[in-house]
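Residue numbers (my numbering): 613 to 920. Just so you know, even glycine gets a beta-carbon here, dropped at the ideal spot from N, CA and C. Here the structure is a predicted model, which is why all the values come from computation and not from measurement.
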């Protein structure tokens, strides 16, 4: 099976109708990728440098933005290479690795948002116990589990997929997401069950937990003073906006995979690219503008740069 993985190549059937404008697409996607790297990395560096940002909330934000950088790096470089290739191909092993990274980092995103929701709940609803609950150990465990649990689950899933027989060597997508299943000769009940388990554990449960947590926060804030309500709005609104964004794009990923065969290739390219574009760009904008302390450090950074 190992030799088969190494020698099997899959043709990426997504660029035939866009080669006339491939250099335009290349410039657009390359520019977007650079913006993603620079914007996310800038905020992560600010959080690392400034001691007043060494708090659980900002540590989780840094982890979330780092996750976005890794997520984009798993997709965009290969996408840029494919745009300049006459016949884009990918080895089956590389395709499975991209599939693994896409869904592992996607699951990590939801778990990090759940950890951030719990941090806000403790901060607003149990402020006297905050320092004893949100310790360095708690934060470290949350970060490790956020990356480890999806990775372990996806490892099992990828091992099962690797044993499936291929009947189609033409992939109708930009990158290896759940459309990989369409390459197999037959469907697998085990894969379907694992897919449902992954969706439940790394999407539905975190989202339900986040909504439950923020409902409690809103209830406590409503009964408290205006200052508490203001603090809740300032710190919780960015997280809710990010959650809404990733839920919409996750649903979008499923919809595109279901209907991609009915879409023109140019429309499929643009629509699929949106899945990996908006969220990594959206996160640093939201946290840079809405989080007061981060925004303050960004203003100092760019104002001092202009003066120099």
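query: Could you give the first and the last residue of the continuous alpha helix (DSSP H) run that contains residue 804?; result: 801 to 811
query: How do the stretch 743 to 759 and the stretch 724 to 734 stand: do at least 3 beta-carbon pairs fall below 8 Å, yes or no?; result: yes
query: Please classify residue 661: is it buried, with 16 or more other beta-carbons within 10 angstroms of its beta-carbon, or exposed?; result: exposed
query: Provide the residue(s) that pair with residue 623 in DSSP beta bridges, ordered along the chain.; result: 701, 782
query: Around the Cβ of residue 884, are there at least 16 other Cβ atoms within 10 angstroms (buried) or fewer (exposed)?; result: buried
query: Count the other C-beta atoms from every protein chain shown that fall within 10 angstroms of the C-beta of residue 907, then say buried if there are 16 or more, exposed otherwise.; result: exposed
query: According to DSSP, simplified to helix, strand and coil, what is residue 891?; result: helix
query: At a threshold of 7 Å, does residue 914 count as lining the ligand COA (C-beta to nearest heavy atom)?; result: This structure does not include the ligand COA; it has no bound ligands of any sort.
query: Using only the alpha-carbon positions, how far apart do residue 672 and residue 700 sit?; result: 37 Å
query: Just the C-alpha distance for residue 620 and residue 772, rounded to the nearest angstrom, thanks.; result: 17 Å
query: Out of curiosity, what's the CA-to-CA distance linking residue 651 and residue 797?; result: 42 Å
query: Note the first and the last residue of the continuous alpha helix (DSSP H) segment covering residue 814.; result: Premise fails: residue 814 is in no alpha helix (DSSP H) and is neither H nor E.
query: Check residue 909 in the structure and name its three-state DSSP category.; result: helix
query: Where does residue 765 fall in DSSP's three states?; result: helix
query: Does residue 688 come out as helix, strand or coil in the three-state DSSP assignment?; result: helix
query: With a 10 Å radius around its C-beta and 16 neighbouring C-beta atoms as the bar for buried, classify residue 769 as buried or exposed.; result: buried
query: Where residue 766 and residue 829 are concerned, what is the direct C-alpha to C-alpha distance, given to the nearest angstrom?; result: 33 Å
query: What does DSSP give as the partner residues of residue 796 in its beta bridges?; result: 778
query: Please identify the residue among 827, 775, 682 whose C-alpha is closest to the C-alpha of residue 646.; result: 682
query: Check for me: the alpha helix (DSSP H) holding residue 660 runs from which residue to which?; result: 634 to 661
query: Measure how close the beta-carbons of residue 848 and residue 732 come, nearest whole angstrom, since I'm counting them as under 8 Å.; result: 6 Å
query: How big is the Cα-Cα spacing for residue 786 and residue 644?; result: 16 Å
query: Checking 8 Å against the spacing of the C-beta atoms, do residue 678 and residue 656 come in under that value?; result: yes
query: Considering Cα atoms alone, identify which of 639, 775, 780, 735 is closest to residue 825.; result: 735
query: Distance check for residue 864 and residue 624, CA to CA, integer angstroms please.; result: 20 Å
query: Does the Cβ-Cβ distance between residue 862 and residue 718 come in under 8 Å?; result: yes
query: Tell me which same chain residues have a C-beta within less than 6 Å of the C-beta of residue 782, skipping the five on either side of it?; result: 623, 625
query: Should residue 697 be labelled buried (16 or more other beta-carbon atoms within 10 Å of its own) or exposed?; result: exposed
query: Can you tell which of 912, 687, 654 has its C-alpha closest to the C-alpha of residue 674?; result: 654
query: In three-state terms, what does DSSP make of residue 743?; result: helix
query: What's the call for residue 690, buried or exposed, on a 16-neighbour Cβ count within 10 Å?; result: buried
query: Under the rule that 16 or more other beta-carbon atoms within 10 Å means buried, what is residue 570, buried or exposed?; result: Past the edges of the chain, shown from 613 to 920, lies residue 570, and the structure says nothing about it.
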